[in-house]
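From first to last, the protein sequence lines are chains F and U.
Number 97 in numbering that gives the first Met the number 0 belongs to position 98 of the first sequence; there are no gaps in the numbering.
Number 101 in numbering that gives the first Met the number 0 belongs to position 102 of the second sequence; there are no gaps in the numbering.
Structure, as structure tokens:
Protein chains: 2
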Amino acid sequence: MDHVFAALSHPVRRDLLAALLDGPETAQSLADRYEMARPSVAEHLKVLRGVGLVSERQAGRNRYYSLTPEPLALLRAWLEPYEQFWRGRVSQLATVLDAHAPSPQRRSP
Amino acid sequence: MDHVFAALSHPVRRDLLAALLDGPETAQSLADRYEMARPSVAEHLKVLRGVGLVSERQAGRNRYYSLTPEPLALLRAWLEPYEQFWRGRVSQLATVLDAHAPSPQRRSP
DNA sequence: TTGACGCGTAGGAAATTTCCTACGTATCAT
DNA sequence: ATGATACGTAGGAAATTTCCTACGCGTCAA
Numbered sequence: 000m001d002h003v004f005a006a007l008s009h010p011v012r013r014d015l016l017a018a019l020l021d022g023p024e025t026a027q028s029l030a031d032r033y034e035m036a037r038p039s040v041a042e043h044l045k046v047l048r049g050v051g052l053v054s055e056r057q058a059g060r061n062r063y064y065s066l067t068p069e070p071l072a073l074l075r076a077w078l079e080p081y082e083q084f085w086r087g088r089v090s091q092l093a094t095v096l097d098a099h100a101p102s103p104q105r106r107s108p
Numbered sequence: 000m001d002h003v004f005a006a007l008s009h010p011v012r013r014d015l016l017a018a019l020l021d022g023p024e025t026a027q028s029l030a031d032r033y034e035m036a037r038p039s040v041a042e043h044l045k046v047l048r049g050v051g052l053v054s055e056r057q058a059g060r061n062r063y064y065s066l067t068p069e070p071l072a073l074l075r076a077w078l079e080p081y082e083q084f085w086r087g088r089v090s091q092l093a094t095v096l097d098a099h100a101p102s103p104q105r106r107s108p
């Protein structure tokens with residue numbers, strides 16, 4: 000969990016994930032997109048691979064990285080209580096507004 | 000967007016957000032929960048406030064911090080294309096499996 | 001076999017982050 | 001008034017991250 004957030008904390012790594020939405024790529028082609036040395040990209044990919052957000056497939060002397068977004072489910076799960084909290088606040092607000100100026104549709108007959 | 004991810008990247012800041020799910024608290028009481036000096040907590044709260052995840056209410060010599068989770072909507076939006084990607088992969092897998100061993104329910108009559 | 005190419009990693013410099021203590025300001029109780 | 005308390009921020013040390021060049025290993029073509 001911590002590791003997923005840490006992996007996503009760097010803009011370059013998020014850009015790499017976004018790039019992989021279009022399909023697998025090599026470290027070199029990814030490095031070309033962003034003006035960054037290939038070894039630097041390789042290290043970022045290593046981090047992403049460490050949390051399972053990316054997998055690799057060897058093809059001769061090329062190595063293709065592809066997106067494996069399953070770990071992002073953890074992020075969605077983390078988000079859950081905050082969305083509940085937010086919905087709770089909205090309904091509280093509705094209650095307050097209701098008390099001060101009840102809408103006709105919600106009035107009891 | 001970048002700032003939201005940066006703010007969430009630190010475990011202590013995520014813990015602070017979780018603590019605030021239970022209601023507003025002061026920097027001191029938060030510092031007591033985690034064995035951390037109050038000024039350190041104050042700086043983390045400053046970061047959270049900077050991205051709008053936390054708001055403060057002055058009450059005498061106390062200052063209560065409360066959770067304002069709206070910016071997390073950005074995170075959910077960021078997640079969207081990856082969930083689509085994931086659903087796409089699942090349906091692709093289903094197609095492949097279907098071709099190899101079509102399930103009776105899905106057969107055309 | 002040899003030269004070129006793609007790759008990951010090591011080593012280290014630079015930048016950033018994190019955490020502390022020390023301070024000055026504002027508020028409450030005596 | 002004054003002592004205690006809660007606060008934010010400044011300044012700096014330590015740890016971490018990030019990025020580069022240099023290297024060695026495997027793979028393909030000639």
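For glycine and all other residues, C-beta sits at the position ideal for the given N, C-alpha and C.
- DSSP places V40 of chain F outside any beta strand (DSSP E); the residue lies instead in the alpha helix (DSSP H), whose first and last residues are 37-49.
- In this chain, the alpha helix (DSSP H) harbouring S28 of chain U covers 26-32.
- In the structure shown, R88 of chain U adopts helical secondary structure according to DSSP, grouped into three states.
- Residue contact check for A5 of chain U against chain F: a CB pair falls below 8 Å.
- Taking a C-beta distance under 8 Å as the contact criterion, Y81 of chain F and P68 of chain U qualify as a contact pair.
- The beta-carbon of Y81 of chain F is placed less than 8 Å from the nearest beta-carbon of chain U.
- Linking D31 of chain F to E79 of chain F through their CA atoms gives a straight-line distance of about 37 Å.
- The DSSP-derived three-state label of R56 of chain F is strand.
- D14 of chain U has a beta carbon lying at 8 Å or more from every beta carbon in chain F.
- In its chain, beyond the 5 residues on either side, Y63 have a beta carbon closer than 6 Å to the beta carbon of R56 of chain U.
- A41 of chain U and A26 of chain U do touch by the CB rule: their CB atoms are close to 5 Å apart, below 8 Å.
- Counting the other CB atoms within 10 Å of its CB gives V95 of chain U a total below 16, which places it among the exposed residues.
- Residue state for L20 of chain F is assigned as coil, using DSSP reduced to three classes.
- Within the segment 49-75 of chain F, L66, P68, E69, L71, L74, R75 place their CB atoms closer than 8 Å to a CB of chain U, listed in sequence order.
- Less than 8 Å divides the Cβ of L16 of chain F from the Cβ of L47 of chain F.
- Against chain U, the beta carbon of L44 of chain F has no neighbour under 8 Å; the closest one sits roughly 17 Å away.
- Nearest neighbour of S65 of chain U by Cα position, chosen from U:D1, U:L52, U:A76, turns out to be U:L52.
- Comparing alpha-carbon positions, the option among F:P23, F:A72, F:Q83 lying closest to Q83 of chain U turns out to be F:A72.
- Taking 8 Å as the CB threshold, P10 of chain U lines the interface with chain F.
- With a cutoff of 8 Å on beta-carbon distance, P70 of chain F and V50 of chain F are scored as near each other.
- Within 10 angstroms of the beta-carbon of L29 of chain U lie 16 or more other beta-carbons, which makes it buried.
- Listed along chain F, the residues sitting closer than 7 Å to L78 of chain U by beta-carbon distance are L71, L74, R75.
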